[in-house]
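Numbered according to our numbering, the sequence shown spans residues 74 to 176.
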Amino acid sequence: MKTYSGDRTIDGVIVLVNQAHLLPDTSGAIFSDTGFEWGYDGPGPRQLAYTILIDHLGDTSRAKALVPRFVEGCVARLDNEWSISSADIEAVLNSPERTGQRA
74 MKTYSGDRTI DGVIVLVNQA HLLPDTSGAI FSDTGFEWGY DGPGPRQLAY TILIDHLGDT
134 SRAKALVPRF VEGCVARLDN EWSISSADIE AVLNSPERTG QRA
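This is the structure in structure tokens:
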């Protein structure tokens, strides 16, 4: 099981997977030219969602299709410092779709 984590530092954002740097994956889609972000829905959070999903799923087409659901269910809700596991990702992807609702 993988663990993804992120933090906002004085030098910018850092995103790790199993304590190794995770770089934006632009192999199938580019949502942001400026890198990762989180805590809202926008280009940076969508790039983070896409990159995590590609790493987790190993499938660019499926990752691209699931970006909106994963942003809404997870990435838009992350705090400045966060950590999520593969199991957390699966829980979001397997939960009933909620459009426009926030917990």
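No residue lacks a Cβ here, since even glycine has one placed at the ideal position from N, Cα and C.
Values in this document were obtained by computation on a predicted structure and should not be read as measured data.
Listed in chain order, the non-local C-beta contacts of I162 below 6 Å within the same chain comprise H129, local neighbours out to five positions each way being set aside.
The residues R142, F143, G146, C147, in chain order, have a CB closer than 8 Å to that of V165 in the same chain once the five nearest residues on each side in sequence are set aside. The C-beta separation of S105 from P116 comes to about 4 Å, placing the pair in contact by the 8 Å criterion.
Judged by DSSP secondary structure, L89 falls within the beta strand (DSSP E) whose first and last residues are 85-90. Inclusion of V88 and G101 in the CB contact set at 8 Å is not warranted, their separation being larger than that value.
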